[in-house]
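Residue numbers (the numbering used here): 94 to 245. Let me begin by presenting the structure, written as structure tokens, before commenting on it.
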């Protein structure tokens, strides 16, 4: 099974009075042709993943409470195609246990979008549009280093 990226967006939320979050939204499809959005909102180093059919990027950037509440109820996911999502230690354990899961490059791509500095993330988002995710060179992130050194 192959994963294709049709569009990727990354940016910083408005932050309101408190915390600014990193938001990544990726429109992808598999060999079956169904298009879905995988959104990741990283809040103080903790990723929250949402999977649905809508482009909620602008609403996530604007921190639209109504959209966030609906997505938390309807679209929040802790796995995709059998691969565990959640906090980064759980994801990296999944990378170790399921290195051949076809969605691994997609997950690594989304993690890179939220963990690289913004200039690198924006370049990576542009690079991927319309490509098979396996063909995209995904840079190493701080989490890759932490995991390799046993700090994650």
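Glycine included, each C-beta is placed from N, C-alpha and C at the ideal position. These numbers come from a predicted model, not from an experiment.
Tell me which residues share the same chain as residue i and place their Cβ nearer than 6 Å to its Cβ, disregarding the 5 neighbours each side in the sequence.
i: residue 44; result: The structure shown does not extend to residue 44, since the chain spans only 94 to 245, so no value can be given for it.
i: residue 103; result: 117, 206, 214 and 218
i: residue 141; result: 134
i: residue 99; result: 120
Pick out whichever of the options has its Cα sitting closest to the Cα of residue i.
i: residue 132; options: 94, 112, 171 and 95; result: 171
i: residue 67; options: 208, 135, 157 and 224; result: A question about residue 67 goes unanswered here, because the residues of the chain that appear run from 94 up to 245.
i: residue 123; options: 169, 107 and 173; result: 173
i: residue 228; options: 211, 197, 240 and 243; result: 197
i: residue 190; options: 201, 121 and 177; result: 177
i: residue 240; options: 226, 128, 181 and 143; result: 181
i: residue 94; options: 130, 152, 143 and 195; result: 195
i: residue 130; options: 203, 157 and 230; result: 203
Answer with buried or exposed for residue i, where buried requires no fewer than 16 other C-beta atoms within 10 angstroms of its C-beta.
i: residue 238; result: exposed
i: residue 136; result: exposed
i: residue 139; result: exposed
i: residue 243; result: exposed
i: residue 183; result: exposed
Quick one: what does DSSP say residue i is sitting in, helix, strand or coil?
i: residue 242; result: coil
i: residue 172; result: strand
i: residue 113; result: coil
i: residue 232; result: coil
i: residue 135; result: strand
i: residue 152; result: helix
i: residue 178; result: coil
i: residue 104; result: strand
Going along the chain, which residues of its own chain have a beta-carbon closer than 8 Å to the beta-carbon of residue i, five neighbours each way excluded?
i: residue 209; result: 217, 232 and 234
i: residue 125; result: none
i: residue 105; result: 113, 114, 115, 116, 154 and 211
i: residue 236; result: 181, 185, 204, 208 and 245
Item to check | 4 or more residues per run - each alpha helix (DSSP H) lying fully within the segment 189-227 | outcome: Taking only runs of at least 4 residues, the alpha helix (DSSP H) segments lying wholly in the segment 189-227 are 197-208 and 211-221.
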